[in-house]
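Below is one structure; the comments refer to it alone.
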Amino acid sequence: MAAFLGSWAAAAGAIAAATADTWATEIGAFSPIPPRLVTSWRRVTRGTSGGITALGTLGGAAGAATIAWLAHALAPRGHAPGFATLAGAGVAGMLADSLLGATLQGKYECPACDARFERGNTVCHEPVRLTTGRRWLDNDAVNFAATLVGAAVAAIGTHVPH
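So that you can map any letter, position 81 of the sequence shown is 150 in the working numbering, and since no number is skipped, the others follow by simple counting.
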């Protein structure tokens, strides 16, 4: 969408946010310290939506910085957004993903086996039940919203006078 509108910064911000979220998840999995829920700081099991670690957050920031550097280096002449703006947009999108995952994303439980899921699919031949969040907000929608946050922060940050 951002590329269609002609905004290099917005497109780069969206990619920085998606990269930051992915790197945070993958690098955070190696953390020796259990994740904490971004909203309450209580310990949660690995893989819980909204759970963050310092290692994962630093990894996500590195992912955002990598995309910011690439976007700045490869930008068409005269359209290079600021490195800090793009890196900040990526981190903002990553944090938005964690906040939405912790608060509004739908979470489900199978009544037969008590397993917890992020999707409302049937498991164990029993319909799962919504335990928290909104039924319409699944992980894909959270990821989409996070990339929109990254795009918006980058677009707005690029047009703010310095």
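Ideal placement from N, C-alpha and C gives every residue a C-beta, glycine not left out. Source: prediction; values computed, not measured.
Legend entry - Cα-Cα separation between M70 and T122, rounded to whole angstroms: Against the sequence shown, residue 70 aligns to sequence position 1. Against the sequence shown, residue 122 aligns to sequence position 53. Below a pLDDT of 50, predicted positions are generally treated as unreliable, and M70, at 44, falls in that range; the measurement from the model is reported next regardless. So the two alpha carbons sit approximately 31 Å from each other.
Legend entry - Terminal residues of the alpha helix (DSSP H) in which E95 lies: In the sequence shown, residue 95 corresponds to position 26, counting from 1. Taken as a continuous stretch (DSSP letters only), the alpha helix (DSSP H) holding E95 covers W77 to G97.
Inset, instruction - Return yes when the C-beta of V211 is under 8 Å from any heavy atom of the ligand SAM, and no when it is not. - result: Among the components modelled here there is no ligand, and therefore nothing to report on the ligand SAM.
Inset, instruction - Could you name the residues that DSSP lists as bridge partners for T201? - result: Residue 201 sits at position 132 when you count from the first residue of the sequence shown. Answer is K176, bridged to T201.
Legend entry - Neighbourhood of A214 by C-beta distance below 7 Å, restricted to the same chain and skipping five residues each side: Looking up residue 214 in the sequence shown gives position 145. Cβ neighbours of A214 beyond the five flanking positions: A165 and L169.
Legend entry - Candidates I102, A153 and R111: closest to A85 by CA position: Position 16 of the sequence shown, counted from the first residue, corresponds to residue 85. That would be A153, whose Cα lies nearest to the Cα of A85.
Inset, instruction - Determine the contact status of A158 and A81, defining contact as a CB-CB distance below 9 Å. - result: Here residue 158 refers to the residue found at position 89 of the sequence shown. Here residue 81 refers to the residue found at position 12 of the sequence shown. In terms of Cβ geometry, A158 and A81 form a close pair [threshold 9 Å].
Inset, instruction - Could you please give me the residues that DSSP links to R185 through a beta bridge? - result: Counting from one through the sequence shown, the residue named residue 185 turns up at place 116. For R185, which the question treats as bridged, DSSP gives the partners E178.
Inset, instruction - Going by CA-CA distance only, name the one from D90, T172 and I96 that's closest to A106. - result: Residue 106 sits at position 37 when you count from the first residue of the sequence shown. A small fix is needed here, since residue 106 is Leu in this sequence, not Ala. That would be T172, whose Cα lies nearest to the Cα of L106.
Inset, instruction - Name, in chain order, the residues that DSSP records as bridge partners for G120. - result: For the purposes of this step, residue 120 is identified with residue 51 of the sequence shown, where counting begins at 1. BP columns for G120 point to L106.
Legend entry - Range covered by the alpha helix (DSSP H) that runs through V233: Residue 233 lies beyond the stretch modelled for the chain, which goes from 70 to 231, so this question has no answer here.
Inset, instruction - Out of L143, T201, A223 and T88, state which residue places its alpha-carbon closest to the alpha-carbon of Q174. - result: Here residue 174 refers to the residue found at position 105 when the sequence shown is read from its first residue. Minimum Cα distance to Q174 is reached at T201.
Inset, instruction - Taking all protein chains shown into account, decide if D90 is buried (16 or more other Cβ within 10 angstroms of its Cβ) or exposed. - result: By 1-based counting over the sequence shown, the position of residue 90 is 21. Buried.
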